[in-house]
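If you count the sequence shown from 1, position 116 lands on 130 in our numbering, and the numbers rise without skipping.
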Amino acid sequence: MIIWGSTTKELTVESTTFYCPNCRETTDCDHLRVASYFTLYFIPLFQTATLGEYVRCDDCEREFDVKALSLTKQQIDAMNRPWSCGECGNSNPPAQNRCLKCKCYREDDPVDNIFEE
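Rendered as structure tokens:
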């Protein structure tokens, strides 16, 4: 009888530093890749697919999209700051893309959300 199947593994691509959006400081992190492997008798033989990549902060252990590695402190701080509506002047939370008062869309183009859900 031959027993075959698949499993997933989390591999560290690199350990580096980045500006953590949650800790709001430069800290160590791990760039991780999740991959699927073919197994024979429960032994992983070769990689069959890359399922995803992410960055994990070593301090707060929060996970972020890999795009967080290329963002500067200023870009991340700008993403976390409230923004003002150009039409009515209302102050809105950074996660909102529409004004809470007049429902106008945000005029500036914030960087895509880097928080993994």
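Using N, Cα and C, we set each Cβ at its ideal position, and we do this for glycine too.
Bear in mind that the values here come from a model prediction, so they are computed numbers and not experimental data.
Original post:
How many Å lie between Q89 and D73 at the Cα?
Top reply: 21 Å
Original post:
What is the DSSP secondary structure of E131, reduced to helix, strand or coil?
Top reply: Residue confidence for E131 is low, a pLDDT of 42 falling below 50, so the modelled location carries little weight; the figure read from the coordinates is stated next. Correct three-state label for E131: coil.
**OP:** Write down the C-beta distance between Y51 and F60 rounded to the nearest angstrom, noting that I regard them as a contact closer than 8 Å.
**Re:** 7 Å
Subject >> Minimum C-alpha distance to K23 - residue among R120, A49, E101 >> reply: A49
Subject >> Proximal residues to H45 (C-beta, below 6 Å), its chain only, five neighbours per side dropped >> reply: V27, E28, V69
Subject >> Coarse secondary structure for D44, derived from DSSP in three states >> reply: strand
Original post:
How many angstroms separate the CA atom of L25 from the CA atom of T62?
Top reply: 14 Å
Original post:
Taking just the CA atoms, how far does M93 sit from K115?
Top reply: 20 Å
**OP:** Pull up the CB-CB distance for S105 and P96, whole angstroms please, since I reckon it's below 8 Å.
**Re:** 5 Å
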